[in-house]
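Everything on this sheet refers to the single structure shown next.
2 protein chains.
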Amino acid sequence: MKPKGFQELQEAFKDQGMRLTYQRKVILDILRGTKSHPSAEMVYASAKRRIPNVSLGTVYRNLNVLKGCGMIQELDFGSSVSRYDANTSHHYHVRCIRCDKVEDVDLSTVAGLDRQVEDCMGYRAVTHRVEFQGVCPECWKG
Amino acid sequence: MKPKGFQELQEAFKDQGMRLTYQRKVILDILRGTKSHPSAEMVYASAKRRIPNVSLGTVYRNLNVLKGCGMIQELDFGSSVSRYDANTSHHYHVRCIRCDKVEDVDLSTVAGLDRQVEDCMGYRAVTHRVEFQGVCPECWKG
DNA sequence: TTATGTGCAAAATATTTGCTTTCCG
DNA sequence: CGGAAAGCAAATATTTTGCACATAA
Chain A
1 MKPKGFQELQ EAFKDQGMRL TYQRKVILDI LRGTKSHPSA EMVYASAKRR
51 IPNVSLGTVY RNLNVLKGCG MIQELDFGSS VSRYDANTSH HYHVRCIRCD
101 KVEDVDLSTV AGLDRQVEDC MGYRAVTHRV EFQGVCPECW KG
Chain B
1 MKPKGFQELQ EAFKDQGMRL TYQRKVILDI LRGTKSHPSA EMVYASAKRR
51 IPNVSLGTVY RNLNVLKGCG MIQELDFGSS VSRYDANTSH HYHVRCIRCD
101 KVEDVDLSTV AGLDRQVEDC MGYRAVTHRV EFQGVCPECW KG
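Line by line, the protein sequences give chains A and B. The first sequence begins at 1 in my numbering and counts up one residue at a time. The second sequence begins at 1 in my numbering and counts up one residue at a time.
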């Protein structure tokens, strides 16, 4: 379901009339290879090491494309910058309010909440997102 | 606890070395008088009806001041604009992905979640925020 | 009186877009 | 070859800030 090889990846894009460019692959690889939930700027910095003349616009465009394909998800935290995650399963995040680190929360997503909102508010196709924030161990120990 | 009269409001600000200006009061009144969770622009538009030459900068500055005093809270949704709420109790929100309306969710906040994250992740002073999103009745009926 | 706040405009931040050139398929 | 994508820069959108003047206490 999550294509790994170049071949499968290429096909996955082709089905949607899109190409697998080198830039696109690098950006996806970066996200798949980290758990740090990087921002667009961070992805850009990382991509630049492999493609020195890559542009920030290309990074943003590809992040949006990958999001559109459901290959990555965008995390919108209180902070003004979006962060991206190649783990598209429904899981929660904690953000440290001091160092701005974002980590996955190992907590089973609270089941049935979406359904409750659909029932009591009359909404449809409801999803939800939970963001925890606090001070991480490194920050409060140091 | 939530000062209403001019007198008490004035004192509440004074304690923090702040003044109760007309602009500040109008902005707070606007937020206290609506359940629509307006954005800064919306507050600005509303304030302008009462203070024709009020500036957007003043609105932003006061929203931040009021937030700092804990008199209002800022809601950061996936969308790129912040919205503001004079109801500072811990409650959840739903946003309609079609018309962008934001409503309170009548659901008791899931207790104990913050504590669980503190225990299993080692964080401190954890709070959380839940945002539901879906299609509101008006949008899917129409 | 005087420090805090306002209005205005310019700056800062984050992201998107137009256009020409490049390159995937 | 033809259309999708890249690179670059200019444009947007939202929020913040510097400064001279006004005002609450």
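Beta carbons are placed, not taken as given, at the ideal position from N, Cα and C, and that holds for glycine.
Collapsed DSSP secondary structure at residue i in the structure displayed
i, result
"Arg129 (chain B)", "strand"
"Arg19 (chain B)", "coil"
"Arg98 (chain A)", "coil"
"Asp106 (chain B)", "coil"
"Pro137 (chain B)", "helix"
Nearest-angstrom Cα separation, counted from residue j out to residue i
i, j, result
"Asp7 (chain B)", "Leu20 (chain B)", "Here residue 7 (chain B) is Gln; the residue named in the question, Asp, does not match the sequence. Approximately 10 Å, taken between the alpha carbons."
"Leu66 (chain A)", "Ser108 (chain B)", "36 Å"
"His91 (chain B)", "Val105 (chain B)", "7 Å"
"Leu9 (chain B)", "Ala125 (chain B)", "29 Å"
"Thr34 (chain B)", "Val102 (chain B)", "12 Å"
"Ile30 (chain A)", "Tyr84 (chain A)", "10 Å"
"Val117 (chain A)", "Val110 (chain A)", "13 Å"
"Leu56 (chain A)", "Lys14 (chain A)", "24 Å"
"Lys87 (chain A)", "Cys69 (chain A)", "Reading off the sequence, residue 87 (chain A) comes out as Asn, not Lys. When rounded, the distance between both Cα atoms is 13 Å."
"Gly5 (chain B)", "Arg32 (chain A)", "55 Å"
"Arg98 (chain A)", "Ser36 (chain A)", "15 Å"
"Pro138 (chain A)", "Val81 (chain A)", "Note on identity: in this sequence residue 138 (chain A) is Glu, with Pro being the wrong assignment. Near 23 Å, if we compare the C-alpha coordinates of Val81 (chain A) and Glu138 (chain A)."
"Arg49 (chain B)", "Asp119 (chain A)", "38 Å"
Reference residue i; option with closest CA among the options
i, options, result
"Thr51 (chain A)", "A:Val81, A:Gly142 and A:Lys25", "Note on residue identity: the sequence assigns Ile, not Thr, to residue 51 (chain A). Taking only the C-alpha atoms, the option nearest Ile51 (chain A) is A:Lys25."
"Gln73 (chain A)", "A:Val81, A:Thr34, A:Leu63 and A:Met18", "A:Leu63"
"Ser89 (chain A)", "A:Met71, A:Lys48 and A:Val81", "A:Met71"
"His93 (chain A)", "B:Met121, B:Tyr22 and B:His93", "B:Met121"
"Tyr123 (chain B)", "A:Cys69, A:Asn87, A:His37 and A:Trp140", "A:Trp140"
"Leu28 (chain B)", "B:Asp15, B:Tyr44, B:Val110 and B:Ile97", "B:Tyr44"
"Arg95 (chain A)", "A:Thr58, A:Gly68 and A:Gly134", "A:Gly134"
"Asp100 (chain B)", "B:Asn87, B:Phe132 and B:Asp114", "B:Phe132"
"Gly78 (chain A)", "B:Asp114, B:Arg129, B:Arg32 and B:Gly68", "B:Arg129"
"Tyr22 (chain B)", "B:Thr127, B:Ser82, B:Ala47 and B:Tyr60", "B:Ala47"
"Val59 (chain A)", "A:Ala40, A:Asn53, A:Cys136 and A:Leu113", "A:Ala40"
In chain order, which alpha helix (DSSP H) runs of at least 4 residues are fully inside the region 45-85 of chain B?
56-68
Members of the region 124-138 of chain A near chain B, C-beta cut-off 8 Å:
Arg124, Ala125, Val126, Thr127, His128, Arg129, Val130, Glu131, Phe132, Gln133, Gly134, Val135, Cys136 and Pro137
May I ask you to list, following chain order, the residues of the region 99-112 of chain B that have a beta carbon less than 8 Å from some beta carbon of chain A?
Cβ contacts with chain A: Glu103, Val105, Asp106, Leu107 and Val110.
In the region 84-95 of chain A, which residues sit with their C-beta less than 9 Å from some C-beta in chain B, listed in chain order?
Tyr92 and Val94
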